[in-house]
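The sequence shown runs -17 to -1, 1 to 215 under mature numbering (1 follows the signal peptide of the UniProt record, and there is no 0). Even for Gly, the Cβ is constructed at its ideal location relative to N, Cα and C.
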Amino acid sequence: MLRFVLLVALATAGVSASVDLNAVAKKVESKGLALPELFNKQWETLLGKLAKDSEALIAAQVKKQSPECRAPVSAAVDALKANVAALAKKGVSLPAFQEKQVGQLKKLVAAYNKLVDQRIKSNDPSEAAVLALRSKKEALLLSWEKELVALASKSRALVLSTFADAVKAAKPEARKALATVAGVLLQQEVHAQIEVISLVTGHQSADVSRFVVQAGGLVLHLAAAAQTAKLA
């Protein structure tokens, strides 16, 4: 009875009633399992682009300086790179975020896939577990955006503090050049933030949500079928 009710529900949802439930589950699960690799590739592409853009911008800014300003600007840039590296060692960087994010994603996918497998084998009518996972997903996606905004803010603050120190130590004729370069780099940081958050909220979060809709929907179909079977 349970299987009949479930197949009717799946057919109504656009899934052929002739398809084996395990095959449906595996198809859904495979989409989730593919997400970590997809995310890593997306990060590799974006981080490579951002690094290339940053290096080109810095080189152009140094090159355009007058002889008396080139040395202090180069020194400030070197100090900024050292400060960025120091923060990265503490886990404050986009690659560190990527590693954490992908780890969290793997755990979320594993939890959904485990729940799907459990419900395929049982007649559990409860919806609590899938609703709890959905809440966890929503909190996770929100935390990613918050962490990226905070990270971008720290990056801009680092540019500002590094160049503020450089301006204080520089001769009067170099101070305006240092301030100008700082402004250019700050604008570049804003641009990088927009690109990063666009990737995470515009693409990655949507991919996670699509998987959750499919996996969670399958669990709810199973729960609804179990609930219906109990009425008979």
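Check                                                                                                                                                           : Outcome
Leu98: buried (16+ other C-beta within 10 angstroms of its C-beta) or exposed?                                                                                  : buried
Report buried or exposed for residue 217, applying the criterion of at least 16 other Cβ atoms within 10 angstroms of its Cβ.                                   : A query on residue 217 cannot be resolved here, the shown segment of the chain reaching from -17 to 215 and no further.
If distances are taken between C-alpha atoms only, which option among Ser126, Ala6 and His204 comes closest to Asp107?                                          : His204
Alpha helix (DSSP H) containing Glu20: first to last residue?                                                                                                   : Leu18 to Lys46
In the structure shown, what three-state DSSP assignment does Phe(-14) receive?                                                                                 : Summary for Phe(-14): the model assigns pLDDT 45, below 50, so the residue's position carries little reliability, and this model does not support an answer.
Can you tell which of Val11, Ala165 and Glu51 has its C-alpha closest to the C-alpha of Ile103?                                                                 : Val11
Span of the alpha helix (DSSP H) holding Val183?                                                                                                                : Where Val183 is concerned, there is no enclosing alpha helix (DSSP H), given that its DSSP letter is neither H nor E.
Look at the alpha carbon of Ser188 and the alpha carbon of Leu88, and state the distance between them as a whole number of angstroms.                           : 10 Å
If you draw a straight line from the alpha carbon of Ser37 to that of Gln171, how long is it in whole angstroms?                                                : 8 Å
Measuring CB to CB, does Val191 end up less than 8 Å from Leu168?                                                                                               : no
Take the Cβ of Pro55 as the centre, count every other Cβ of all protein chains shown within 10 Å, and call the residue buried at 16 or more, exposed below.     : buried
Let's test the definition: count the other Cβ atoms within 10 Å of the Cβ of Leu201 and tell me whether it reaches 16, buried, or not, exposed.                 : buried
Are the Cβ atoms of Val75 and Val60 separated by less than 8 Å?                                                                                                 : no
Which stretch, first to last residue, makes up the alpha helix (DSSP H) that contains Pro108?                                                                   : First-last for Pro108: undefined, no H or E at that position.
What separation, rounded to the nearest whole angstrom, lies between the Cα atoms of Lys151 and Ala160?                                                         : 13 Å
Please confirm if the stretch 19 to 34 is in contact with the stretch 178 to 188, defined as three or more CB-CB distances below 8 Å between the two stretches. : yes
May I have the straight-line CA-CA distance separating Ala208 from Pro19, to the nearest angstrom?                                                              : 32 Å
Would DSSP call residue 255 helix, strand or coil?                                                                                                              : No information on residue 255 is available, as it lies outside the stretch -17 to 215 that the chain covers here.
Taking buried to mean at least 16 other C-beta atoms within 10 Å of its own C-beta, is Val113 buried or exposed?                                                : buried
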